[in-house]
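Here the sequence shown stands for residues 81 to 204, numbered as in the numbering used here. Glycine included, C-beta positions come from ideal geometry on N, C-alpha and C. Note that this is a predicted model, so its numbers are computed, not measured. Before any comments, here is the structure.
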Amino acid sequence: MVSDDQETVELCNKVHSIMQDATKDLPIPDPNKARDSRKKISVFTYGVISELTDTKKVHKDKVYEKYLIMGGLSHDQANSIVGRTRDEFAQQEFGEKCLSMGREAVIQWQSDDKNIKPLLKALL
């Protein structure tokens, strides 16, 4: 039996692989658009995690928080980003599209089509 913590780490590893494929060789955004791009990437990532956790016991916020911590953020930083992504960024005009593109990226990626970079690039 897989524990919740183990399942969370496994999901984080899958998110990492998906996001590597989604961001590989993406150009660095214009400095004037960097903040908006980070918000969109955060919501896209939240969409990826939402799709992956739909049929799992673990909550998407827990997976996103752990993913960010595994990436080097502190617990407080990760918790803040998860909350802002869920409660603020996902509610902005770009939010629904970023969430749905993140979900679509997972479906495409799991069908062995790893060319998901255009989905994220279209948002930026």
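{"Check": "Return the chain-ordered ranges of every alpha helix (DSSP H) run that is complete within the stretch 156-187 and spans a minimum of 4 residues.", "Outcome": "none"}
{"Check": "Measure the Cβ-Cβ separation of residue 138 and residue 84 and say whether it is below 8 Å.", "Outcome": "yes"}
{"Check": "Find out if the Cβ-Cβ distance for the pair residue 179, residue 185 is shorter than 8 Å.", "Outcome": "no"}
{"Check": "Three or more C-beta pairs under 8 Å: does that hold for the stretch 102-115 against the stretch 149-168?", "Outcome": "no"}
{"Check": "Report yes if the C-beta distance between residue 213 and residue 141 is below 8 Å; otherwise report no.", "Outcome": "The structure shown does not extend to residue 213, since the chain spans only 81 to 204, so no value can be given for it."}
{"Check": "What are the boundary residues of the alpha helix (DSSP H) that residue 93 is part of?", "Outcome": "84-103"}
{"Check": "When the Cα atoms are used, what is the spatial distance from residue 110 to residue 132?", "Outcome": "31 Å"}
{"Check": "Applying the criterion that 16 or more other CB atoms from any shown protein chain within 10 Å of the CB defines a buried residue, is residue 183 buried or exposed?", "Outcome": "buried"}
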